[in-house]
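Chemist: Residue numbers (the UniProt record's numbering): 1 to 125.
1) Given residue 23, which residues of its chain have a CB within under 7 Å of its CB, disregarding the five upstream and five downstream residues?
2) Could you round the C-beta distance between residue 63 and residue 46 to whole angstroms and report it? I think they count as a contact, below 8 Å.
3) What does a CB cutoff of less than 6 Å around residue 117 pick up in its chain, not counting 5 residues either side in sequence?
4) Can you tell me where the beta strand (DSSP E) with residue 64 in it begins and where it stops?
5) In its own chain, which residues sit with a C-beta less than 8 Å from the C-beta of residue 124, not counting the 5 before and 5 after it?
6) Does the Cβ of residue 113 have 16 or more other Cβ atoms within 10 Å, making it buried, or fewer, making it exposed?
7) What would DSSP say about residue 119, mapped onto helix, strand or coil?
8) How many angstroms separate the CA atom of residue 90 from the CA atom of residue 37?
9) Which word fits residue 97, buried or exposed, when buried means at least 16 other C-beta atoms lie within 10 angstroms of its C-beta?
10) Identify which residue in 100, 110 and 70 has its Cα closest to the Cα of residue 120.
This is how it looks when you write it as structure tokens:
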């Protein structure tokens with residue numbers, strides 16, 4: 001049985017983005033997601049060169065490279081790294097968990113127009 005305080009916390013914290021749902025991966029997800037808990041599943045932990053972020057208010061969790069960087073995988077390897085049409089972040093490259101993100105993008109100096117050589121995977125939004 002929930003106490004009023006516990007009920008309030010379980011209702012408000014997810015709305016504030018402070019608590020992740022127990023099942024963060026949609027059943028029909030096609031992109032490997034990361035675990036935001038650094039002590040969570042080791043197979044879903046991001047490399048230290050990336051950060052696990054949510055790509056949309058109720059979106060998926062992916063390892064985000066720092067601006068201007070991608071993995072060393074070929075540009076058309078959308079399993080290793082990809083972009084999504086995420087408002088104001090279309091230049092950001094994401095990777096599957098464990099992938100190192102330490103290669104400069106082509107034209108990295110273009111800010112929001114950088115990393116265009118990496119494919120977009122809209123299903124990962």
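Glycine residues also receive a C-beta, built at the ideal position from the N, C-alpha and C atoms.
Modeler: So, from the listed chains and residues:
1) Bear in mind that a pLDDT of 33 at residue 23, under 50, signals an unreliable position, so the number given afterwards is only what the model happens to contain. Correct list: empty, nothing qualifies.
2) Contact between residue 63 and residue 46 holds, since their C-beta atoms are separated by about 4 Å, short of 8 Å.
3) 75 and 106
4) Secondary structure note for residue 64: its beta strand (DSSP E) is the uninterrupted segment 61-65.
5) 30, 31, 55, 60, 62, 82, 84 and 94
6) exposed
7) coil
8) 25 Å
9) Counting Cβ neighbours within 10 Å, residue 97 comes out buried, since at least 16 surround it.
10) 70
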